[in-house]
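One structure is given here, and the rest of the page talks about it.
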Ligand SMILES: [Zn+2]
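Right, here's the structure in full:
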């Protein structure tokens, strides 16, 4: 029953494609897509393998995915070898089983089954697959999308196979993601002797009330899709390891902001600068925006996806934007609707990453039903 999707998932897990390496995963997919008369365009840049494949004309669905995986981590904590797919009690173990070789296999088998039944289907089915989602992403989806954009490519529906479900298959669709802004702040004081604070200026004392207010700063209230924007301080250091009788000259703080689409990077920067000025702090600061937030308001495609999930699982999914960033941030502006739906995320990036075989089959059926509803 689930041999097709299981066999392909196993084959992919058995290739240790630690990001950004692909090591032949994509050639397995390309070979099968060629048999279905897909047009294939390999777009390999530096250390990253990507391909863009399409078949048919008109309204377009793009399946977006990645063949790379994160390293195995603590090898001794794995019950089974991470790069040898192993089944035990109806569960398939192996690195990439849920993130996201299982869903890539489900996409491909769903498309194969659909085309077998409907060789002259309506619409255009396409794949954009990269081997660098887990690493820098520099030469992956971002680069391919920039090339497709120059050609005037547009997509109606983009389906990303990231593992979105939390407790049970079907419980969560992601229709956007928060932005991520990292901040490197240095607060300056004047170095001196702890016994003569009048001759120095202590940056730890200066920063304390500022940091309290920063960590509680309310930047927005969130909405139906986004939680309120949050600031998390990740590192603070000052002073040295050798003396305890010195007032340090400076204090360094690193923090990260996961922000919604209700606010812009510029607005965040202004708020933080205002706060620094409020406390008359001398500082230098640098900002790195890793991702802008995006939101795709649920419409035709999300309704179809939602219905297909319900039909296969009897679960009504919730739309969310939580969690880390995804490659959706690179493609959403070219797509009328972008949605992420895949397997359970409870074991992603952990030791003993695994997928329930029934979930794998259900996911394939959900993807298959989407094609039936869109292009029959
Ligand atoms: Zn992933």
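In my numbering, the protein residues as written are -11 to 364.
Think of the CB as a built atom: it goes at the ideal place given N, C-alpha and C, for glycine as much as any other residue.
Any idea what DSSP makes of residue i, helix, strand or coil?
i           : result
residue 255 : helix
residue 54  : strand
residue 83  : coil
residue 183 : coil
residue 36  : strand
residue 298 : helix
residue 63  : helix
residue 382 : Here the chain covers residues -11 to 364 and nothing more, so residue 382 does not appear.
residue 244 : strand
residue 263 : helix
residue 71  : coil
residue 205 : coil
residue 170 : strand
residue 76  : strand
residue 303 : coil
residue 195 : helix
residue 231 : coil
residue 293 : helix
residue 288 : helix
Using a beta-carbon distance below 8 Å, is residue i in contact with chain B?
i           : result
residue 237 : Absent from the structure: chain B. Only one protein chain is present.
Which residues does DSSP list as the beta-bridge partners of residue i?
i           : result
residue 176 : 238, 270
residue 164 : 283
residue 30  : 39
residue 342 : 81
residue 325 : 145
residue 49  : 113, 145
residue 153 : 332
residue 44  : 112
residue 276 : 170
residue 6   : 57
Which residues bound the alpha helix (DSSP H) around residue i?
i           : result
residue 93  : 90 to 105
residue 346 : 345 to 363
residue -2  : -9 to 1
residue 134 : 129 to 138
residue 318 : 316 to 319
Grab me the residues of residue i's own chain with a C-beta within less than 7 Å of its C-beta, minus the 5 sequence neighbours each way, in chain order.
i           : result
residue -1  : 16
residue 180 : 187, 188, 235
residue 97  : -8, -7, -4, 352
residue 12  : 3
residue 286 : 163, 307
residue 101 : 356
residue 8   : 35, 36, 56, 119, 120, 123
residue 301 : 157, 158, 350
residue 174 : 238, 240, 271, 272
residue 335 : 86, 341, 342
residue 185 : 235
Under the assumption that residue i contacts residue j (Cβ atoms under 8 Å), give the Cβ distance between them as a whole number of angstroms.
i           : j           : result
residue 55  : residue 113 : Their Cβ separation, rounded to whole angstroms, is 19 Å, which puts residue 55 and residue 113 out of contact at 8 Å.
residue 94  : residue 355 : 6 Å
residue 163 : residue 292 : Contact flag wrong, Cβ pair sits at about 13 Å.
residue 146 : residue 319 : 6 Å
residue 377 : residue 273 : Residue 377 is absent from the model: the chain starts at -11 and stops at 364.
residue 149 : residue 51  : 7 Å
residue 322 : residue 137 : 6 Å
residue 252 : residue 278 : Contact doesn't hold; Cβ gap of about 15 Å is too wide.
residue 264 : residue 205 : Actually they are not in contact, since the Cβ atoms of residue 264 and residue 205 sit about 12 Å apart, beyond 8 Å.
residue 151 : residue 330 : 5 Å
residue 363 : residue 110 : 5 Å
Ends of the beta strand (DSSP E) at residue i?
i           : result
residue 420 : Here the chain comprises residues numbered -11 to 364, so residue 420 is not present and cannot be evaluated.
residue 225 : 218 to 226
residue 112 : 112 to 118
residue 306 : 306 to 308
Who are the near neighbours of residue i in its chain, counting only those whose CB is closer than 8 Å to its CB and skipping five residues on each side?
i           : result
residue 71  : 1, 2, 3, 4, 60, 82, 83
residue 244 : 168, 169, 170, 171, 219, 220, 222
residue 132 : 31, 38, 40, 116, 118
residue 255 : 207
residue 141 : 322
residue 295 : 361
Could you name the residues of the same chain whose beta carbon sits closer than 6 Å to that of residue i, not counting the 5 residues immediately before and after it, in chain order?
i           : result
residue 250 : 208
residue 443 : The structure shown does not extend to residue 443, since the chain is modelled only from -11 through 364, so no value can be given for it.
residue 190 : 177, 235
residue 78  : 345
residue 227 : 236
residue 224 : 241
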